[in-house]
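> In the working numbering, the protein residues as written are 897 to 1039.
Yeah, the Cβ is synthetic: ideal placement off N, Cα and C, and Gly gets one too.
Let me begin by handing over the structure; questions about it come next.
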């Protein structure tokens, strides 16, 4: 049994502790969520940043961070507004993005980042969630 436990602390505020057994969590609509990363907004440059043109944001590869953190640094002219730009998010990979996001409030419509199609959503209790449908055999490299 795999178990992932994390506590997210930003600006001195503890957000949530979460444990996921067997690294997957069964949700409604027969979809599977698999933890991918935690995204944290920053105004500091980080080594290895890649530019995502669609959202005008610099991101780091969470696969290269020991705690699966993705740093996001938005350009001033980024079209992203609201909680995706100001709050941390938790990301899950899903086999079918259209099924997994049903009933959720859309913050950013799904878009192609090269290696996956991603969308940002708000849960009923206000958390920001990124859902990612990875492309087969695609290497992590945002476009």
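Which term fits residue 972, buried or exposed, when burial requires 16 or more other beta carbons within 10 angstroms of its beta carbon?
Reading the chain shown from its first residue, position 76 is the one you call residue 972. It counts as exposed.
> Under three-state DSSP, which class holds residue 1006?
In the chain shown, the residue the question calls residue 1006 occupies position 110. Here residue 1006 sits in strand by DSSP.
> Less than 6 Å between C-beta atoms, sequence neighbours within five positions excluded: which residues of the same chain meet that for residue 1034?
Translated into the one-based positions of the chain shown, residue 1034 becomes position 138. Cβ neighbours of residue 1034 beyond the five flanking positions: 1011.
> What span of residues does the alpha helix (DSSP H) with residue 980 cover, start to end?
Taking the chain shown and counting its residues from 1, one reaches residue 980 at position 84. Per DSSP, residue 980 belongs to the alpha helix (DSSP H) from 979-982.
> Taking the alpha carbon of residue 983 as the point to measure from, which residue in 959, 939, 931, 932 has its own alpha carbon closest?
Translated into positions along the chain shown, residue 983 becomes position 87. Minimum Cα distance to residue 983 is reached at 939.
> I believe residue 953 touches residue 976 by the beta-carbon criterion, under 8 Å. Please report the beta-carbon distance rounded to the nearest angstrom.
Walking along the chain shown from the start, residue 953 turns up at place 57. Walking along the chain shown from the start, residue 976 turns up at place 80. Right, their Cβ atoms sit about 7 Å apart.
> Does residue 1038 pass the burial test, meaning 16 or more other C-beta atoms within 10 Å, or should it be called exposed?
Within the chain shown, numbered from 1, the residue matching residue 1038 stands at position 142. Buried is the call here.
> Under a Cβ-count criterion, where at least 16 other Cβ atoms within 10 Å of its own Cβ denotes burial, should residue 999 be classed as buried or exposed?
For this step, residue 999 is matched to residue 103 along the chain shown. The residue is exposed, with fewer than 16 neighbouring Cβ atoms inside 10 Å.
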